[in-house]
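S.K.: Before we start, here is the structure in question, set down as structure tokens.
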Amino acid sequence: MRMKKKRHGTERIALLSQLVSREPASLVKSVETVYGNNNPLRVEIGCGKGDFIRGKSVQEPDYNYLAIEKISDVCTVATEKYAVSRGLGNMAANGGWQKPDGTIYPLGGDEVDFSDCDKGNVRFSVGDAAMLLADFPDNSVDAIYINFCDPWGKKGYAKRRLTHIGFLDMYSRILVKGGKIHFKTDNRELFDFSLEQVEISKFDLEYKTYDLHNSDKNDVNIETEYERNFSAKGFSINMLIAENKK
Ligand SMILES: C[S@@+](CC[C@H](N)C(=O)[O-])C[C@H]1O[C@@H](n2cnc3c(N)ncnc32)[C@H](O)[C@@H]1O
């Protein structure tokens, strides 16, 4: 995702540290402490500005969600938008954070204390999901969402695609049996490649469509930012769901 460098991006996300997990592999081991319940954990890889995870967390609230984004400034925006959507305050005029009770936390100061607030069921992590998820324990995740990831279309780059068998094997390990991958893309070549990889993996294909917006899943679909842009340009959206058979 392209984004102009944010002013004070690092300080801004530091203020919202209580919504951010620096070590997601250990978050998995303390789900109840972090989220205040023991609901199953779902992960989105490459959340962008967080439109999908905000919608999903409200549509299916009986789960906990971790949204991973490798670009820090993009994750800052996703975390701030989530905080606003959950009534946790707003960016203050000076770039700090203002809680609903009026308390202002200035940039570069202490992290915002949300201990008196309901922080909801989403946390964010900055980093490369490939590295972060490799440290996750077996059977610790209920579902994985991958929306409009980089196609890595050039020859020789197949191993970098997030649906390459190397990644599918890792997802299979960290997902519970019966856990699912949900994958959307506008890129037909990447989609066909992904179907082939699922075929040789420990996943069973449960559902596929080459035209999500005209499918029976459209009414529960949560559009992402990229999805809106691509479909406005006339691209049809491909989606697959695959179930972990282990
Ligand atoms: C094309 S954008 C799509 C954003 C969003 N999912 C959407 O559909 O609007 C892909 C995003 O995934 C992030 N990303 C790509 N590879 C990643 C990885 N290995 N780990 C975490 N984030 C990644 C990029 O930084 C970018 O923000």
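Start counting the sequence shown at 112; every next residue gets the next number (the working numbering).
All C-beta atoms in this analysis are idealised placements derived from N, C-alpha and C, irrespective of residue type, glycine included.
Nothing here was measured: the structure is a model prediction, and the numbers come from that model.
Under 8 Å, with one C-beta from each stretch per pair, do the stretch 183–203 and the stretch 157–167 reach the 3-pair mark?
M.R.: As far as the Cβ criterion goes, the stretch 183–203 touches the stretch 157–167, which means the pair count is three or higher.
S.K.: Start and end of the alpha helix (DSSP H) containing residue 299?
M.R.: Per DSSP, residue 299 belongs to the alpha helix (DSSP H) from 299–310.
S.K.: Do the CB positions of residue 319 and residue 301 come within less than 9 Å of each other?
M.R.: No, the Cβ-Cβ distance between residue 319 and residue 301 is not below 9 Å.
S.K.: Exposed or buried, what is residue 280 when buried is set at 16 or more other beta-carbons lying within 10 Å of its beta-carbon?
M.R.: Burial call: exposed.
S.K.: Report whether the distance from the Cβ of residue 333 to the nearest heavy atom of ligand 1 is below 8 Å.
M.R.: Because no heavy atom of ligand 1 lies under 8 Å away, the Cβ of residue 333 does not count as near it: no.
S.K.: Just reading off the beta strand (DSSP E) that residue 279 is part of, what are its end residues?
M.R.: Run containing residue 279: none in the beta strand (DSSP E); it sits in the alpha helix (DSSP H), 276–285.
S.K.: To the nearest angstrom, report how far apart residue 137 and residue 233 are at their CA atoms.
M.R.: The alpha-carbon atoms of residue 137 and residue 233 are separated by roughly 16 Å.
S.K.: From residue 353 to residue 155, what distance separates their C-alpha atoms?
M.R.: Roughly 15 Å between the two C-alpha positions.
S.K.: Ordered along the chain, which non-local residues of its own chain (more than five positions away) have a Cβ less than 6 Å from that of residue 283?
M.R.: If we look at residue 283 and ignore the five residues flanking it on each side, its Cβ neighbours are 313, 355.
S.K.: For the putative contact between residue 131 and residue 235, defined by C-beta atoms under 8 Å, what is the C-beta separation to the nearest angstrom?
M.R.: That belief holds up - the Cβ atoms of residue 131 and residue 235 are roughly 5 Å apart, short of 8 Å.
S.K.: Taking 7 Å as the limit between beta carbons, can you name the residues of its chain near residue 217, skipping five residues before and five after?
M.R.: Cβ neighbours of residue 217 beyond the five flanking positions: 205, 207.
S.K.: Give, in chain order, every unbroken run of the beta strand (DSSP E) that is at least 3 residues long and sits entirely within the stretch 114–194.
M.R.: If we require 3 residues or more, the beta strand (DSSP E) runs fully inside the stretch 114–194 come out as 152–156, 175–180.
S.K.: Just checking my contact of residue 151 with residue 174 at CB under 8 Å: how many whole Å lie between their CB atoms?
M.R.: Contact holds; Cβ gap of about 5 Å.
S.K.: Under the criterion of a Cβ to heavy atom distance below 8 Å, does residue 222 qualify as lining ligand 1?
M.R.: Result no, Cβ not under 8 Å from ligand 1.
S.K.: Can you find a heavy atom of ligand 1 that lies under 8 Å from the Cβ of residue 241?
M.R.: Residue 241 Cβ: within cutoff of ligand 1.
S.K.: Let's test the definition: count the other Cβ atoms within 10 Å of the Cβ of residue 187 and tell me whether it reaches 16, buried, or not, exposed.
M.R.: Buried, because 16 or more other Cβ atoms sit within 10 Å of the Cβ of residue 187.
S.K.: For residue 277 and residue 270, I'd like the C-alpha separation in whole angstroms.
M.R.: Cα-Cα distance, rounded: 7 Å.
S.K.: Is residue 238 near ligand 1, going by C-beta to nearest heavy atom under 8 Å?
M.R.: Yes, the Cβ of residue 238 comes within 8 Å of a heavy atom of ligand 1.
S.K.: Does the distance from the C-beta atom of residue 358 to that of residue 285 stay below 9 Å?
M.R.: Any question about residue 358 goes unanswered here, given that the chain covers just 112 to 357.
S.K.: Is any heavy atom of ligand 1 found at a distance shorter than 8 Å from the C-beta of residue 149?
M.R.: No.
S.K.: For residue 339, name the three-state secondary structure that DSSP assigns.
M.R.: Here residue 339 sits in helix by DSSP.
S.K.: Would you list the residues sitting across from residue 331 in a DSSP beta bridge?
M.R.: In DSSP, residue 331 forms no bridge with anything.
S.K.: Return yes when at least one heavy atom of ligand 1 lies under 8 Å from the C-beta of residue 191, else no.
M.R.: Answer for residue 191: no, Cβ out of range of ligand 1.
S.K.: Going by C-alpha to C-alpha distance, which of 185, 327, 326, 225 sits closest to residue 73?
M.R.: Residue numbering for the chain in the displayed model covers 112 to 357; residue 73 lies beyond these limits and cannot be assessed.
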